[in-house]
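In the numbering used here, the protein residues as written are 791 to 865.
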């Protein structure tokens, strides 16, 4: 019984170590996002507003806003 517990515990520890190493390498990877953006023709005040209001997620929020405005024909 003791040997069985040791084997199970060793497998558990190995799994945790593998997860730790994978998370470490995943944190070093760069996201697969193209550099640059399509905001060259957007009003700088609008960009400033979205940066202030949405923080780190400003680009996604601005893209969604521009997409919705384009659908409505407001651009």
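The beta carbon of each residue, even a glycine, is placed where N, CA and C say it ideally should be.
Where residue 818 falls, given that 16 or more other Cβ within 10 Å makes a residue buried: exposed
Coarse secondary structure for residue 850, derived from DSSP in three states: DSSP places residue 850 in helix when its eight states are reduced to three.
Residue 852 burial status per 10 Å Cβ neighbour count (16 or more: buried): That one is buried.
Per-residue burial, residue 840 [other beta carbons within 10 Å of its own, 16 or more giving buried]: buried
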